[in-house]
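Protein chains in written order, with this note's numbering: chain A, 1 to 305; chain B, 1 to 325.
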């Protein structure tokens, strides 16, 4: 059987070829492919009104005669092609994807930012103040993390009802605990460092110390978590919308577009679901690759989990 | 050891208490409980009657006490639509979800751990790298989207497997099971694969990271220096050490499988309790939602307790510290 070679451990035993700094790849930084694709997706989302051949929210521009056309068909007015086909209302799938991306991204990013802010506040205060505050806040975090985020979000939506603001709230509620835990562990490490001790000796008030000293030093690892959570938030929103308890049907996100096509899958009209799904997939993979690259950059030696 | 058990049991009861309080606040204190608990089509006299019956004029701690007592007696309200007790409705659906989650978990363990081990052992080769890249894809793909692709590929295009329902079931212990018939397995396979995919990726990552860390530790180097066969080193010294975090995650993930089953069940029209919850949410059938929540909370606590018991068996260090404390 093949022997597995052991990576060298102590610095003294390293041969010159395998010193740790040189193992980092030079040239193209990790995750740049993901960054590029994500930039393109953001551009499409921002420029949707100018790029899309049709306004999918304008019911007057939809032609019911064009319903469920396969990809590549010409519209009945002859004005443009349905490159990716059309759905049951005669909506151009390509335009719907461009507009759906906007909603998915806005919901995903705003939920992540809010959750990040809340988690930072809770985590940093817990780590900095310690004692009872810490114990209480962390038990709350444990309780939250014990339940899968989809369950928390579903229960909240069941209590609150539907709507974009409510789904953002549900996403924040199901994700803040991840940031709180990371921020706390970071604050615990930073608290014992000399610059924080010096600041305490100088008599700087607690809130100022947390905001001006702990926050900037704890932000980098949290940004990696945030990058991963943006993808998770977008996927979760798509899932909830697909299940019919997320966003209202008037302004469909990617998840809702996929749900709309699900019924037609059995009759062979695959494009209504498939193409929005591919758009969602590309977005998620791009964000995950970007997050992976960010993590490698910050911590090249840690094994990937 | 007994002390350890008692301590864990006390903690579990405490967690359940806190959760019941949270559920109580969620349902009774936020918004008007009458809106939540009474059918909106009820007449005014009915509403007044029910309000008095539920004791909504009482202070909140009296109400909470009633709520807890009713829950302990197994009374979790009556479903609006079915007219049956909510708890009974959910328990009827539980076996379907349970067997789905069980098969998915088995799939995840039998595929995820060996693949993760390979990825860890051959971390710098193309094999390890391609397994890890595949697991990123498994993480990125939302469950519902994979389910859709599975239906599109295996049911519609190839026509190999059915896309909805439980198929033929057979009774065992007074409960219908799909895993006892061939037709049931045919129906079970696609949803189980769908549910398992995310867990397979998770287990690959966990096992591979654990393997890579363990391979560098002194006891493994020593075992190799002793001249043990590679297989024995992996089996006795690597696998045994990485098993502890895996068992923890498995326990938690089994519980989350039950929750994520909502998505899979709704795509494959699998008549489990997740589908029931979704229908209850859409139709504002609150007693069923509350009953589901409490039942899942109970399940979580029980599974956590079981995971702790597994520690006792797997890791002697826990046994010793549990006794000495």
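The beta-carbon is built from N, C-alpha and C at its ideal position, and this holds for glycine as well.
When we look at the beta-carbon of residue 260 of chain B and count the other beta-carbons within 10 Å, is it buried (16 or more) or exposed? For residue 260 of chain B, the number of other beta carbons within 10 angstroms of its own is at least 16, and it is reported as buried.
Using a Cβ cut-off of 8 Å (strictly closer), state whether residue 13 of chain B contacts chain A. Answer no: the Cβ-Cβ gap between residue 13 of chain B and chain A never drops below 8 Å.
If you follow the beta strand (DSSP E) that residue 176 of chain B is in, where does it begin and where does it stop? Element bounds for residue 176 of chain B: 175 to 177.
Among the residues of its own chain, which have a CB less than 7 Å from the CB of residue 224 of chain B, if the five just before and after it don't count? Cβ neighbours of residue 224 of chain B within its own chain (closer than 7 Å, five residues either side excluded): 233.
Going by other Cβ atoms of all chains shown within 10 Å of its Cβ, with 16 needed for buried, is residue 269 of chain B buried or exposed? Counting Cβ neighbours within 10 Å, residue 269 of chain B comes out exposed, since fewer than 16 surround it.
Kindly say whether residue 185 of chain B, judged by its beta-carbon, lies nearer than 8 Å to any beta-carbon of chain A. With 8 Å as the cut-off, residue 185 of chain B does not count as an interface residue toward chain A.
Taking the beta carbon of residue 117 of chain A as the centre, do at least 16 other beta carbons fall within 10 Å, making it buried, or is it exposed? The Cβ neighbour count for residue 117 of chain A, taken over all protein chains shown within 10 Å, is under 16; the residue is labelled exposed.
If you reduce the DSSP assignment to three classes, tell me which class residue 86 of chain A lands in. When DSSP states are grouped into helix, strand and coil, residue 86 of chain A belongs to the strand group.
DSSP-derived helix/strand/coil call for residue 85 of chain B: Note: residue 85 of chain B maps to strand in three-state DSSP.
Just to make sure I have the definition right: I need the residues of chain A whose C-beta is within less than 7 Å of the C-beta of residue 152 of chain B. Which are they? Listed along chain A are 265, 270, each with a C-beta nearer than 7 Å to that of residue 152 of chain B.
Under three-state DSSP, which class holds residue 218 of chain B? Looking at residue 218 of chain B - three-state DSSP - the assignment turns out to be helix.
Using beta carbons (cut-off 8 Å, strictly below), is residue 222 of chain B in contact with chain A? Cβ-Cβ to chain A under 8 Å: no for residue 222 of chain B.
Report yes if the CB atom of residue 7 of chain B is closer than 8 Å to the CB atom of residue 271 of chain B, and no otherwise. Against a cut-off of 8 Å, the Cβ pair of residue 271 of chain B and residue 7 of chain B comes out as no contact.
Return the chain-ordered list of same chain residues with a C-beta closer than 8 Å to the C-beta of residue 244 of chain A, the five sequence neighbours on each side being excluded. So the list reads 259, once near-sequence residues are dropped.
Within 10 Å of its beta-carbon, does residue 19 of chain B have 16 or more other beta-carbons around it, so buried, or fewer, so exposed? With 16 or more other Cβ atoms within 10 Å, it is buried.
Between the CA atoms of residue 274 of chain B and residue 254 of chain A - distance to the nearest angstrom: C-alpha separation (whole angstroms): 23 Å.
At the level of alpha carbons, what is the spacing between residue 151 of chain A and residue 229 of chain B? The straight-line gap from Cα to Cα measures roughly 46 Å.
Does the Cβ of residue 99 of chain B have 16 or more other Cβ atoms within 10 Å, making it buried, or fewer, making it exposed? Looking at its Cβ environment, which holds 16 or more other Cβ atoms inside 10 Å, residue 99 of chain B is buried.
Check for me: the alpha helix (DSSP H) holding residue 165 of chain A runs from which residue to which? It spans 164 to 191 - the alpha helix (DSSP H) in which residue 165 of chain A sits, taken as one unbroken run.
Can you name the residues of chain B whose CB is closer than 9 Å to the CB of residue 93 of chain A? Near residue 93 of chain A there are no residues of chain B at all, since even the closest Cβ is about 15 Å away, more than 9 Å.
Taking only beta carbons into account, state which residues of the region 87 to 106 of chain B come closer than 7 Å to chain A, listed in chain order. The region 87 to 106 of chain B vs chain A, Cβ under 7 Å: nothing.
Candidates A:164, A:147, A:183, A:188, of which the one nearest residue 104 of chain A by Cα: Among A:164, A:147, A:183, A:188, the Cα nearest to that of residue 104 of chain A belongs to A:164.
In angstroms with no decimal places, state the Cα-to-Cα distance between residue 70 of chain A and residue 215 of chain A. Answer to the nearest angstrom: the Cα atoms are 52 Å apart.
With a floor of 3 residues, list each beta strand (DSSP E) that falls wholly inside the region 274 to 317 of chain B, ordered by position along the chain. Here no run is fully enclosed.
Any C-beta of chain A under 8 Å from that of residue 311 of chain B: Interface residue (Cβ-Cβ distance to chain A less than 8 Å): residue 311 of chain B is not classified as such.
Would you kindly check if the distance between the Cβ of residue 153 of chain A and the Cβ of residue 256 of chain A is under 8 Å? Contact: no.
Is residue 213 of chain B helix, strand or coil when you go by DSSP? DSSP places residue 213 of chain B in the helix class (H, G or I) of the three-state scheme.
Take every Cβ of the region 217 to 230 of chain A, pair it with every Cβ of the region 84 to 104 of chain A, and state whether three or more of those distances are shorter than 8 Å. Contact fails: fewer than three Cβ-Cβ distances are below 8 Å.
7 Å CB neighbourhood of residue 277 of chain A in its chain, flanking five on each side removed: For residue 277 of chain A, the CB contacts under 7 Å within the same chain, skipping 5 residues up- and downstream, are 258 in chain order.
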